Structure formats: structure tokens, C-alpha cells
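Residue numbers (my numbering): 28 to 286.
Working notes for the structure below.
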Amino acid sequence: MKIASFNINGIRARLACVLRWLEECQPETVLLQEIKCTDGNFPRGVFEELGYQVETHGQKSFNGVAILSKFPLEFVTRGLPGDASDVQARWIEAVISAPTPIRVCCLYLPNGNPAPGPKFEYKLAWMERLHRRAAELIALEEPALLAGDFNVIPQSEDAETPEEWVTDALFRHETRQRWRQLLHVGFTDALRAINRQPSTYTFWDFQRGAWERNDGIRIDHFLLTPQCADLLMECGIDQHIRGWEKPSDHVPIWVTLRD
DNA sequence: ATGACAATCAGAGATTGA
28 MKIASFNING IRARLACVLR WLEECQPETV LLQEIKCTDG NFPRGVFEEL
78 GYQVETHGQK SFNGVAILSK FPLEFVTRGL PGDASDVQAR WIEAVISAPT
128 PIRVCCLYLP NGNPAPGPKF EYKLAWMERL HRRAAELIAL EEPALLAGDF
178 NVIPQSEDAE TPEEWVTDAL FRHETRQRWR QLLHVGFTDA LRAINRQPST
228 YTFWDFQRGA WERNDGIRID HFLLTPQCAD LLMECGIDQH IRGWEKPSDH
278 VPIWVTLRD
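The structure is reproduced here in C-alpha cells:
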């Protein structure tokens, strides 16, 4: 089972790029972030014709997440539990009904800049809710994963110029402390379980030639429960597509799990 | 301190992102 996560920065602007990548990558399941459209405007037919079941949680203009899968998706829920007043579309969860069922949580964690400020407070509160849901998933003792755009640079080795990020919401100590809470309850960072190489980035800013200078950061992650980590075979980042025509500023990260 | 770059909504320029 190959499961990929990709912050596409607008599904309508990125449709050609995504289709080209799907052809090349051939994932059975895809977790998308920043679809930037309502459920009604998502081009679901395009993916259904490729054999994917499509589940979306969108909103107008901003945010929005979706799951595509060639296996049936069951028990689909939308919205991160813990705050009924939160209207931002940043979480969709489902169980992939494969021979070994996998629970997948597709998330788009708030950016949080500028920090400090109300957006940073929202980010930290969202991470506290994520921590509570993560602990529940661990208690299930089942193969499950959290994946998506975490907007967290975990360590200095995850940025080309870490000194420039120390006051940023993606790398502040409050943010990284909450990231580590997810590891402490038992989640495994899939990329780092396999690959300790530097420059394993998933994001390069559109500005100042960041891609050409490899001035990147690692902020898109797969976190696995112990039962899911037992199934882990590979984890990779499709960095080359950042150089394609009309790319997203993020690139896909994927895992392959034993069936 | 600012802007550089891109997408969205709207139909210019503000807002958001990271």
C-alpha cells in the first residue's frame, strides 16, 4: 500500500501537475491539503475516472483537505474534534478498507504566523487538540497514521538556514515542544525512521529562488502508530516535481506499508 | 523594515500563506 501526502496549494491551479504526478507515483491513497475550494467545486470526476474514491472537506478560498483512495474509504469524519466553533477545514479522517485496514488522518496544521499573536495562539490550541486525538489513536492499538502539512520544522537539520526560523511559528520552541508531545505518546516520524540524510525538504518558498538554492524546510510529515510503523517499508519525498511547470511550493511525501 | 511570489475572489487590490 502506497500512501502519499501532498499540499497542492489549490487543486484547480494544480490539476495538471497532480495528474502528471499521479501517473508517475501511482499511489493507492492520496491525502491532499490546501485544496482551496468548496466540496462542490472539487474536480472529483477527474479522480473518479482514475479509479479513486473521493472524500473532501473543503471551504471557499482557503484551507481544505481531501482523501483519494483506490480502496473503499469508511468511517469518514470531518473536522478535528475538540472545538465545535472551529470552522476552518483542516482535518479529514477515514479508514482505508484494504486487506490490512489503515486509519488515515489528513491534516493541514495552521501556519501560526505572525508569532506571537492570535494566529499563533490558534496554532498552539490546534496542536493541543491534535495531541488529544493522537493519544486516542494510540489507545486503539491499530495501524493508523497522521499525515499532511504540519507547518512544523522539527529540528535544525530540517532547514537549510535554521537560524532564520528561530522566531517563526514553524520553528518556535512552543511549536516544536508540541510536536515532540506527538512523538512522546508513541508516534514515529516515518521519514526519520528510515532516512537521516540532510536536505530532505518538502517545501521551498516561491520567492528569492529558494528552490534553485535548495533553501528548503521539512514541514510535511507522516506520523505512524506503533502498529503502523511495524508495516513501514519505505518513505520518500518526490522532490523533483518542485521543478515542474506551475508547481506547488510543497512536494509530495509518501510511505509504502506492508499489506 | 520591506518585499520578493503565488492563489483566491473578483474583476483592483486585499488577504493568506510559510
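Beta carbons are placed, not taken as given, at the ideal position from N, Cα and C, and that holds for glycine.
Keep in mind the model is a prediction, meaning the values are calculated, not measured.
Identify the residues that DSSP records as bridge partners of residue i: which are they?
i: lysine 29; result: Thr283
i: glutamate 101; result: Val122
i: tryptophan 231; result: Gly243
If you draw a straight line from the alpha carbon of residue i to that of residue j, how long is it in whole angstroms?
i: aspartate 66; j: isoleucine 165; result: 30 Å
i: valine 114; j: leucine 197; result: 22 Å
i: isoleucine 246; j: glutamate 76; result: 31 Å
i: alanine 111; j: arginine 156; result: 12 Å
i: glutamine 80; j: glutamate 190; result: 43 Å
i: valine 278; j: threonine 83; result: 20 Å
i: isoleucine 62; j: aspartate 257; result: 31 Å
i: tryptophan 238; j: arginine 269; result: 7 Å
i: alanine 240; j: asparagine 36; result: Alanine is not the amino acid found at residue 240; the sequence shown has arginine there. Near 21 Å, if we compare the C-alpha coordinates of asparagine 36 and arginine 240.
i: aspartate 286; j: valine 45; result: 25 Å
i: phenylalanine 177; j: phenylalanine 89; result: 16 Å
Identify whether residue i lies in helix, strand or coil by the three-state DSSP scheme.
i: arginine 130; result: strand
i: glycine 243; result: strand
i: valine 73; result: helix
i: leucine 259; result: strand
i: asparagine 68; result: helix
Determine the extent of the alpha helix (DSSP H) in which residue i is found, giving its start and end residues.
i: isoleucine 268; result: Careful: isoleucine 268 lies outside any alpha helix (DSSP H) and carries neither H nor E.
i: histidine 200; result: 200-211
i: glutamine 254; result: 253-256
i: leucine 157; result: 145-167
Would you kindly report the start and end of the unbroken beta strand (DSSP E) that includes residue i?
i: glutamine 80; result: 80-84
i: leucine 172; result: 171-176
i: valine 92; result: 92-96
i: leucine 136; result: Taken as a continuous stretch (DSSP letters only), leucine 136 belongs to no beta strand (DSSP E), as it is neither H nor E.
Decide if the segment 118-129 is in contact with the segment 163-182; the criterion is three or more beta carbon pairs, one per stretch, under 8 Å apart.
yes
Report yes or no: do three or more beta-carbon pairs, one from the segment 212-221 and one from the segment 258-265, lie closer than 8 Å?
yes
The segment 231-243 touching the segment 201-213, judged by at least three CB pairs closer than 8 Å
Verdict: no, contact absent.
Do the segment 37-55 and the segment 134-145 touch if we need at least three Cβ pairs shorter than 8 Å?
no
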